[in-house]
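Undergrad: Here it is, the structure in full.
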Amino acid sequence: MTSLPSEATLDPSNWDELRALGHRMVDDMLDYLATVRSRPAWRSVPADVRARLAEPLPLEPTPPAAVYEQFKRDVLPYPTGNVHPRFWGWVIGTGTPFGMLADMLASGMNPQVAEFDDAAALVENRVIAWFVELLGLPAGTSGLLVSGGSMANFVGLAVARNARAGFDIRTRGVQALGTPRLLVYASSETHSSVRKAVQLLGLGDESLRLIPVSSDYRMDVATLRSAIAADRAAGRRPICVVGNAGTVNTGATDDLHAVAAICREHDLWFHVDGAFGALAALSPELRPTVAGIEQADSVAFDLHKWMYLPYEAGCALVRDQVAHRATFTVAPSYLATLARGISAGGFPFAERGVQLSRGFRALKVWMSLKAHGVRAFAQLIEQNVAQARYLADLITAHPRLELLAPVPLNIVCFRYIGPGLKAARLDALNRELLMRIQESGVAVPSHTLLGERFALRVAITNHRSRREDFDLLARTVVEIGDMLAGD
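Using numbering that gives the first Met the number 0, you'd call the opening residue of the sequence shown number 0 and step up by one each time.
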């Protein structure tokens, strides 16, 4: 008899060796997180490391322990830095040790969370129900976990487009003859992901009406009302208004009650981009800040921002289950459900968004909520808001620092102001100052433009930050600013 060749596998030939390596990985990563304060907030990848990482395609195997050693040498020391207590750039969460371990468990199970009858689907469905309850939306609101706020905004706006187009947009397309231009309204402070979604949905930039904001960076509701009326009179079709629960620049929240009333009056879809600010609703103290979010037709928010969980974990909630599924459902024979077996009795997450292949994002959310409790997250959110006000007080008390915007939540925008420096010089000085702070490893704020002024921007979604970290930031800004102003 002809002997058959042995069959390959990616399982280890020695499970005990891999087990020992795995234990070392867990221990090393927990040590890495426990000692994070002793390292710089960020540092650039050196030239020799960049050269090593530009390696050729590996055709033959390398022992796993050697691969891990290269990770420790060339990858681990050069992260984005957001696990550090003084990382406040953009709106990037910190992650948690327990969330890291939950992600390992999810990868070990490796389920495809699309529509099967398994525990992973039950966990995600329960997580969605918890956030529906926390945000005050009605029971039965649909939803799914996505990669982040950009995809959550895309999901909400896709449902808005289809539900309010006035014609069968899935069959006829967005450029069907005889149909009016569909319009979406949002404030000029709205995140760029909304614009990207409008473009990808085939509506185009000309369909996005950016409404100006008042001095507190909230949408001008009177201008919104006038714009809708003018577009209707011109034969266009308004379909959706996007309200902000925590703008990316300053943390401002639009008057969501007023926007909801306008949407009801004109039968428009009300979408809320609550990327980080929606989670202020977890705190009884801060919930009034985002009042009105419960009236939304759809809400987008991130759990890897102000709930501190590891990337990726965003969420889209849609009030109308039927409209939600009608936007994304396709029914090929290979996805048909049967009366029994694995394809019966699951939750159709694949019919609620773009992805058919979906990982077990919900496990770290479910385990973290159970392990820490909602009140712990609420306390940390309140703590970040208190820290933002503490920093704002440091800034207003110092003669060479200037607060550039109100601080309603957890974002502080400010700059160094040297005596006698004109606008262009101030912008150039603060730009250089920011880069030097980041390169020093002391802290990572980011930047934005407010009224054409270059601003240092501190967005606090960090459970490791302490008041002394903000003291250090303020001192460092003044020290570097004084040096640059002297030059």
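By construction, the Cβ of each residue, glycine as well, lies at the ideal position given by its N, Cα and C atoms. What you are looking at is a predicted structure, and each value in this text was computed from that prediction instead of being measured.
Please state whether DSSP places Met495 in a helix, a strand or coil.
TA: Lying outside 0 to 486, the shown extent of the chain, residue 495 is not represented and no answer is given.
Undergrad: Between Arg339 and Leu144, what straight-line distance do the alpha-carbon atoms span, to the nearest angstrom?
TA: 26 Å
Undergrad: Would you call the segment 341-356 and the segment 278-295 touching, i.e. three or more CB-CB distances under 8 Å?
TA: These segments do not touch.
Undergrad: Pull the bridge partners of His446 from the DSSP assignment, please.
TA: Answer is Leu455, bridged to His446.
Undergrad: Candidates Asp117, Ser213 and Arg208: which alpha carbon is nearest Val241's?
TA: The shortest C-alpha to C-alpha distance from Val241 to any of Asp117, Ser213 and Arg208 is the one to Arg208.
Undergrad: In this structure, does DSSP put Val126 in helix, strand or coil?
TA: Helix at Val126.
Undergrad: From Asn243 to Thr34, what distance separates their C-alpha atoms?
TA: 37 Å
Undergrad: Between which two residues does the alpha helix (DSSP H) harbouring Gly155 extend?
TA: Gly148 to Arg163
Undergrad: Helix, strand or coil: how does DSSP classify Trp14 here?
TA: helix
Undergrad: Look up Phe413 in the DSSP assignment and give the residues it is bridged to.
TA: Leu402 and Leu455
Undergrad: Which residue from Gly139, Pro62 and Tyr31 puts its Cα closest to that of Asp319?
TA: Here the closest residue by C-alpha is Gly139.
Undergrad: Taking the Cβ atom as the reference point for each residue, do Val298 and Ala277 lie within a distance shorter than 8 Å?
TA: Between Val298 and Ala277, the C-beta spacing is below 8 Å.
Undergrad: Using three-state DSSP, classify Phe346 as helix, strand or coil.
TA: coil
Undergrad: Ordered along the chain, which non-local residues of its own chain (more than five positions away) have a Cβ less than 6 Å from that of Ser149?
TA: Ser192
Undergrad: Kindly indicate if chain D contains any beta-carbon less than 8 Å away from that of Gly94.
TA: You won't find chain D in this structure, because it holds only one protein chain.
Undergrad: Tell me the rounded alpha-carbon separation between Ala370 and Gly417.
TA: 48 Å
Undergrad: Under the three-state reduction of DSSP, which class applies to Met548: helix, strand or coil?
TA: Since the first residue shown for the chain is 0 and the last is 486, residue 548 is missing from the structure and cannot be characterised.
Undergrad: Once you ignore the five residues that flank Ser43 on each side, which residues in its own chain have a CB closer than 8 Å to its CB?
TA: Tyr77 and Glu438
Undergrad: Beta-carbon separation of Ala162 and Trp268 under 8 Å?
TA: yes
Undergrad: Indicate whether Arg357 and Ala113 have their beta-carbon atoms separated by less than 8 Å.
TA: yes
Undergrad: In chain order, which continuous runs of the beta strand (DSSP E) of length 3 or greater are located wholly inside the segment 189-214?
TA: Runs found: 207-210.
Undergrad: In three-state terms, what does DSSP make of Phe269?
TA: Looking at Phe269 - three-state DSSP - the assignment turns out to be strand.
Undergrad: Just to confirm, are Ala454 and Arg424 a CB contact at a threshold of 8 Å?
TA: Cβ atoms of Ala454 and Arg424: not closer than 8 Å.
Undergrad: What does the alpha-carbon distance come out to for the pair Thr249 and Leu402?
TA: Cα to Cα, the separation comes out at about 11 Å.
Undergrad: Does the contact criterion of 3 or more C-beta pairs under 8 Å hold for the segment 75-89 versus the segment 23-42?
TA: yes
Undergrad: DSSP on Ala377, reduced to helix/strand/coil?
TA: helix
Undergrad: Does DSSP put Ala40 in a helix, a strand or coil?
TA: coil
Undergrad: To the nearest angstrom, how far is it from the Cα of Asp468 to the Cα of Leu136?
TA: 37 Å
Undergrad: Can you list, in chain order, the residues of its chain with a C-beta nearer than 6 Å to that of Arg160? Leave out the 5 residues immediately preceding and following it.
TA: Leu200
Undergrad: Return the first residue and the last residue of the beta strand (DSSP E) that Arg51 is part of.
TA: Segment Ala46 to Leu52 is the alpha helix (DSSP H) holding Arg51; no beta strand (DSSP E) there.
Undergrad: What is the C-beta distance between Asn409 and Thr447, in whole angstroms, given that I count them as a contact (C-beta under 8 Å)?
TA: That belief does not hold up - the Cβ atoms of Asn409 and Thr447 are roughly 15 Å apart, past 8 Å.
Undergrad: Suppose you measure from the CA of Trp305 to the CA of Ala315; what does that come to, to the nearest Å?
TA: 15 Å
Undergrad: Going straight from the alpha carbon of Thr252 to that of Asp215, what length do you get?
TA: Between the C-alpha atoms of Thr252 and Asp215 there is a straight-line separation of about 9 Å.
Undergrad: Should Val329 go down as buried or exposed, given a rule of 16 or more other Cβ atoms within 10 Å for buried?
TA: exposed
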